[in-house]
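A.B. asks: Quick one: this structure, given as structure tokens, is what I'll be asking you about.
Number of protein chains: 2
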Amino acid sequence: MSFELTILGCGSATPTSKQFPTAQLLKMQERFFLVDCGEGAQQQLRRSKAKFSRINHIFISHLHGDHFFGLPGLLSSFHLLNRSTPLHIYGPSNLKAWLDLTFGSTNTNLVYPLVFHETQNKEKALLFEDDKVEVFSFPLRHSIATTGFLFQEKPKERNILKSKIDEYNIEVCDIQNIKNGKDWIAANGKIIANTELTKDPTPPLSYAYCSDTSYLPKLNERIHKASLLYHESTFLDVDKKKAKQTKHSTALQAGKIATLTESENLMLGHYSVRYDDREAFKAEAQQEFINTFLARDLRRFTVSQDAIEFEDLNASKSEVDKL
Amino acid sequence: MSFELTILGCGSATPTSKQFPTAQLLKMQERFFLVDCGEGAQQQLRRSKAKFSRINHIFISHLHGDHFFGLPGLLSSFHLLNRSTPLHIYGPSNLKAWLDLTFGSTNTNLVYPLVFHETQNKEKALLFEDDKVEVFSFPLRHSIATTGFLFQEKPKERNILKSKIDEYNIEVCDIQNIKNGKDWIAANGKIIANTELTKDPTPPLSYAYCSDTSYLPKLNERIHKASLLYHESTFLDVDKKKAKQTKHSTALQAGKIATLTESENLMLGHYSVRYDDREAFKAEAQQEFINTFLARDLRRFTVSQDAIEFEDLNASKSEVDKL
Chain A
65 MSFELTILGC GSATPTSKQF PTAQLLKMQE RFFLVDCGEG AQQQLRRSKA
115 KFSRINHIFI SHLHGDHFFG LPGLLSSFHL LNRSTPLHIY GPSNLKAWLD
165 LTFGSTNTNL VYPLVFHETQ NKEKALLFED DKVEVFSFPL RHSIATTGFL
215 FQEKPKERNI LKSKIDEYNI EVCDIQNIKN GKDWIAANGK IIANTELTKD
265 PTPPLSYAYC SDTSYLPKLN ERIHKASLLY HESTFLDVDK KKAKQTKHST
315 ALQAGKIATL TESENLMLGH YSVRYDDREA FKAEAQQEFI NTFLARDLRR
365 FTVSQDAIEF EDLNASKSEV DKL
Chain B
65 MSFELTILGC GSATPTSKQF PTAQLLKMQE RFFLVDCGEG AQQQLRRSKA
115 KFSRINHIFI SHLHGDHFFG LPGLLSSFHL LNRSTPLHIY GPSNLKAWLD
165 LTFGSTNTNL VYPLVFHETQ NKEKALLFED DKVEVFSFPL RHSIATTGFL
215 FQEKPKERNI LKSKIDEYNI EVCDIQNIKN GKDWIAANGK IIANTELTKD
265 PTPPLSYAYC SDTSYLPKLN ERIHKASLLY HESTFLDVDK KKAKQTKHST
315 ALQAGKIATL TESENLMLGH YSVRYDDREA FKAEAQQEFI NTFLARDLRR
365 FTVSQDAIEF EDLNASKSEV DKL
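Residue numbers (the working numbering), protein chains in the order written: chain A, 65 to 387; chain B, 65 to 387.
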């Protein structure tokens with residue numbers, strides 16, 4: 065199994081003609097989660113050919129415009145497209161008042177239910193849970209209340225061995241219990257250990273999202289062995305003072321966090337427009353953490369237990385950002 | 065002299081990957097006016113290579129998202145770029161409260177003065193005036209309070225004939241009076257008629273913007289002989305009932321308004337995504353008005369007294385919308 069992460073925008077602060085502000089689409093266990101929603105996110109969703117009507121949950125890390133100014137447009141489009149499925153939005157409390165006024169001002173009564181869930185940035189908190197996936201928020205340290213998000217698969221069922229079903233003539237009604245880890249009692253009363261009947265499931269995958277934040281080593285209390293860690297790297301080490309002042313991070317610091325959290329892979333993004341060369345971000349982070357990748361607009365990552373791959377969607381020669 | 069109009073977006077309602085919502089940049093007499101500001105306008109401004117720091121006046125026709133959801137992003141970028149020049153915004157009263165809450169929520173104290181001018185849609189009103197240009201609003205008829213805008217050059221000075229300056233030895237101090245249309249009195253007391261000394265100035269140019277609106281024949285009381293009339297054409301005549309219901313217009317109706325207002329040229333836009341063929345809009349309007357042009361994203365029109373021309377910016381083959 066794998067999850068898919070599509071970068072809709074990886075820029076910071078002021079968008080350019082080639083760089084959209086932050087937005088990401090995560091597909092995990094067939095659930096679609098939108099993580100932040102900078103201006104133009106809905107256009108990028110269309111370019112990525114995502115089935116965006118399947119997004120039922122939107123997570124907003126903080127109320128800086130480059131992370132949420134795309135919400136009114138996207139929510140309006142859902143309205144105009146006659147969406148009926150409830151849409152859940154998770155974000156700071158002020159966001160609700162702003163969305164209410166937005167739709168009040170435009171005289172719009174949304175045709176679908178909008179369910180708002182207020183986040184807090186004091187401690188790790190469960191925001192969403194179903195049978196396969198959990199989503200947590202956790203505090204980051206920025207110039208305004210900001211949370212990161214941790215998306216993780218729930219532990220999976222054990223894989224029952226077909227050969228053992230045949231050998232012991234196990235009935236269908238017992239199989240779920242065995243998948244859940246229980247031993248099995250044969251007709252003759254003999255107890256067959258679960259470990260004989262099953263093999264370990266693939267470990268759950270997880271995606272940790274950290275933007276925007278200053279260097280925060282204690283993130284290792286919130287994130288442990290993420291399959292993929294996204295950590296902002298607005299600056300390079302040469303500008304680490306600027307990073308500290310503005311409560312952002314450098315690529316080197318992002319690499320350190322990947323090491324501290326024992327993550328499998330690191331993705332960088334939220335690059336300041338002051339730098340021309342994005343490879344420099346990668347090289348810098350790799351001084352601390354080798355499995356480092358660069359976010360780019362419309363880059364899609366596929367992450368499984370053993371591998372991480374990416375492809376650039378819409379990568380016609382004339383449109384590829386040379387950076 | 066001429067004015068320049070750059071179409072940043074010409075779509076309606078739901079943006080697609082190829083069509084931005086409404087925004088236009090008008091350059092008239094070296095003044096830059098932004099007319100509506102749909103989501104993504106700031107990116108399109110960058111793509112058009114406009115000097116967007118020179119925009120000092122933004123006109124918002126009405127509070128439907130596809131006409132103003134790009135404002136927060138653009139205004140934030142001005143802030144981040146340390147703009148100091150005052151920015152004037154003209155729009156419906158609710159817009160101010162929304163912008164205030166937007167920047168309140170994001171904890172942003174804009175570093176430049178934002179001056180809000182409330183529009184009304186009862187009657188024609190002067191919104192802006194300086195020595196060379198006037199801008200008026202006028203009521204349109206839509207599902208929400210909506211105004212059109214009329215940008216017009218002020219009458220220009222008469223052109224003084226150099227040969228006459230020499231012939232009569234006219235002194236510099238008299239020239240401005242003559243340019244203003246006054247007769248001139250020679251040293252011998254003879255009155256020289258202004259018409260002998262000057263020739264007519266080029267007539268003032270004007271641009272009339274009508275979006276969104278249902279068919280409104282009495283627009284001819286507001287607009288007369290516009291050098292260029294932009295009139296929305298969300299629908300084709302085959303869907304005229306739909307146009308009436310939603311208080312939009314058809315291309316045929318736009319052509320009729322161009323005729324009624326005796327405009328020189330007509331530009332269509334605000335196309336519904338339901339149609340594949342934009343040439344059909346042009347053909348339909350031309351049944352009523354021959355000098356019809358199509359708005360397209362990043363198309364720049366240059367309008368003078370005798371001519372209208374356009375070029376498509378950024379028109380690499382892979383990016384040109386085939387529509």
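Ideal Cβ positions, reconstructed from N, Cα and C, are used throughout, including at glycine. Values in this document were obtained by computation on a predicted structure and should not be read as measured data.
Please report how far the alpha carbon of Ser227 of chain A lies from the alpha carbon of Ile239 of chain A, in whole angstroms.
C.D. replies: Between Ser227 of chain A and Ile239 of chain A, the C-alpha separation is close to 13 Å.
A.B. asks: Measure the C-alpha to C-alpha separation of Ile287 of chain A and Phe123 of chain A and round it to an integer number of angstroms.
C.D. replies: Rounded to the nearest angstrom, the two C-alpha atoms are 18 Å apart.
A.B. asks: What do you get for Ala290 of chain A, buried or exposed, if any count of 16 or more other CB atoms within 10 angstroms of its CB means buried?
C.D. replies: The residue is buried, with at least 16 neighbouring Cβ atoms inside 10 Å.
A.B. asks: On the DSSP letters alone, give me the boundaries of the beta strand (DSSP E) that Val99 of chain B sits inside.
C.D. replies: 95-101 is the span of the beta strand (DSSP E), which, as asked, contains Val99 of chain B.
A.B. asks: Should Met65 of chain B go down as buried or exposed, given a rule of 16 or more other Cβ atoms within 10 Å for buried?
C.D. replies: Per the 10 Å Cβ criterion, exposed.
A.B. asks: Nearest by alpha-carbon distance to Lys186 of chain A: which of A:Leu358, A:Gly212, A:Val199 is it?
C.D. replies: Ranking the options by Cα distance to Lys186 of chain A, first place goes to A:Gly212.
A.B. asks: Here's the rule I'm using: 16 or more other beta-carbon atoms within 10 Å means buried, otherwise exposed. How should Cys274 of chain A be labelled?
C.D. replies: The residue is buried, with at least 16 neighbouring Cβ atoms inside 10 Å.
A.B. asks: Round the Cβ separation of Ala349 of chain A and Leu330 of chain A to the nearest angstrom and send it over; I've been treating them as touching at under 8 Å.
C.D. replies: Confirmed, Cβ separation roughly 6 Å.
A.B. asks: How would you label Pro136 of chain B, buried or exposed, when you count the other beta carbons within 10 angstroms and need 16 or more for buried?
C.D. replies: Pro136 of chain B is buried by the Cβ-count criterion.
A.B. asks: What residue does the beta strand (DSSP E) around Ala91 of chain B start on, and which one ends it?
C.D. replies: Correcting the residue identity first, residue 91 of chain B is Lys in this sequence and not Ala. Its beta strand (DSSP E) spans residues 87-92.
A.B. asks: For Ile287 of chain A, which of helix, strand or coil comes out of DSSP?
C.D. replies: Correct three-state label for Ile287 of chain A: coil.
A.B. asks: Should the region 87-94 of chain A be regarded as contacting the region 105-119 of chain A, the criterion being three or more beta carbon pairs within less than 8 Å?
C.D. replies: With a cut-off of 8 Å, the region 105-119 of chain A and the region 87-94 of chain A count as touching, because enough Cβ pairs lie within range.
A.B. asks: Would DSSP call Ser148 of chain A helix, strand or coil?
C.D. replies: Three-state DSSP puts Ser148 of chain A in coil, outside helix and strand.
A.B. asks: Where do the N-terminal and C-terminal ends of the beta strand (DSSP E) with Gly333 of chain B fall, by residue?
C.D. replies: Here the beta strand (DSSP E) through Gly333 of chain B covers 330-333.
A.B. asks: Where Leu127 of chain B and Ile354 of chain A are concerned, what is the direct C-alpha to C-alpha distance, given to the nearest angstrom?
C.D. replies: C-alpha separation (whole angstroms): 50 Å.
A.B. asks: Under 7 Å between beta-carbons, which chain B residues line up against Ala77 of chain A? List them in chain order, please.
C.D. replies: Ordered by position in chain B, the residues that pass the 7 Å Cβ test against Ala77 of chain A are Leu144.
A.B. asks: Under the three-state reduction of DSSP, which class applies to Asp394 of chain B: helix, strand or coil?
C.D. replies: For chain B, the structure presents residues 65 to 387; residue 394 of chain B sits outside this window and is missing.
A.B. asks: Can you tell me whether Gly253 of chain B is buried or exposed, with buried defined as 16 or more other CB within 10 angstroms of its CB?
C.D. replies: Exposed: under 16 other Cβ atoms inside 10 Å.
A.B. asks: Which whole-angstrom value describes the C-beta separation of Tyr30 of chain A and Ser278 of chain A, a residue pair presumed to lie in contact below a C-beta threshold of 8 Å?
C.D. replies: In this structure chain A extends from 65 to 387, so residue 30 of chain A is not present and cannot be described.
A.B. asks: Below 7 Å between beta carbons is the criterion; list the residues of the region 97-119 of chain A that meet it against any residue of chain B, in chain order.
C.D. replies: Residues Glu103, Gly104, Gln106, Gln107, Arg110, Arg111.
A.B. asks: Over what stretch of residues does the alpha helix (DSSP H) that includes Gln390 of chain A continue unbroken?
C.D. replies: Since the first and last residues shown for chain A are 65 and 387, residue 390 of chain A lies out of range.
A.B. asks: Report the partner residues of Pro203 of chain B according to the DSSP bridge assignment.
C.D. replies: Paired residue(s): B:Thr211.
A.B. asks: Just curious, the alpha helix (DSSP H) that Thr356 of chain A is in, first and last residue?
C.D. replies: It is not in any alpha helix (DSSP H) - Thr356 of chain A instead sits in the beta strand (DSSP E) that spans 356-358.
A.B. asks: Tell me the DSSP bridge mates of Gln216 of chain B?
C.D. replies: Looking at the DSSP assignment, Gln216 of chain B forms a beta bridge with B:Glu198, B:Ser270.
A.B. asks: Measuring CB to CB, does Phe180 of chain B end up less than 9 Å from Glu198 of chain B?
C.D. replies: No, these two residues do not count as a Cβ contact at 9 Å.
A.B. asks: Can you round the beta-carbon distance between Glu352 of chain B and Leu316 of chain B to whole angstroms, since I take them to be within the 8 Å contact cut?
C.D. replies: Glu352 of chain B to Leu316 of chain B, Cβ: 6 Å. Contact.
A.B. asks: Which one or two residues does DSSP pair with Arg363 of chain B in a beta bridge?
C.D. replies: In the DSSP output, where bridge partners are listed per residue, Arg363 of chain B has B:Asp376.
A.B. asks: Per DSSP, which one or two residues make a beta bridge with Trp162 of chain A?
C.D. replies: DSSP lists no partner for Trp162 of chain A.
A.B. asks: Over what stretch of residues does the alpha helix (DSSP H) that includes Ile242 of chain A continue unbroken?
C.D. replies: Its alpha helix (DSSP H) spans residues 236-243.
A.B. asks: Can you say whether Cys74 of chain B is buried or exposed, counting buried as having 16 or more other CB atoms within 10 angstroms of its CB?
C.D. replies: So Cys74 of chain B ends up on the buried side.
A.B. asks: Which residues of chain D have a Cβ atom closer than 9 Å to the Cβ of Pro203 of chain B, listed in chain order?
C.D. replies: Among the protein chains in the structure shown, which are A and B, there is no chain D.
A.B. asks: Spell out whether any CB of chain B is found under 9 Å from the CB atom of Thr7 of chain A.
C.D. replies: This structure cannot speak to residue 7 of chain A, because chain A is shown only from 65 to 387.
A.B. asks: Does the distance from the CB of Tyr42 of chain B to the CB of Phe142 of chain B come in under 9 Å?
C.D. replies: Beyond the ends of chain B as shown, which are 65 and 387, falls residue 42 of chain B; an answer cannot be given.
A.B. asks: I'd like to know if His334 of chain B contacts chain A, where contact means its C-beta is closer than 9 Å to some C-beta of that chain.
C.D. replies: No, because no Cβ of chain A sits closer than 9 Å to the Cβ of His334 of chain B.
A.B. asks: Would you verify that the beta carbon of Phe84 of chain A is, or is not, closer than 9 Å to some beta carbon of chain B?
C.D. replies: Yes, its Cβ sits closer than 9 Å to a Cβ of chain B.
A.B. asks: Contact check, Leu190 of chain B vs Thr183 of chain B under 8 Å by CB: the rounded distance?
C.D. replies: Going by Cβ atoms, the distance from Leu190 of chain B to Thr183 of chain B rounds to 11 Å, so no, they are not a contact pair.
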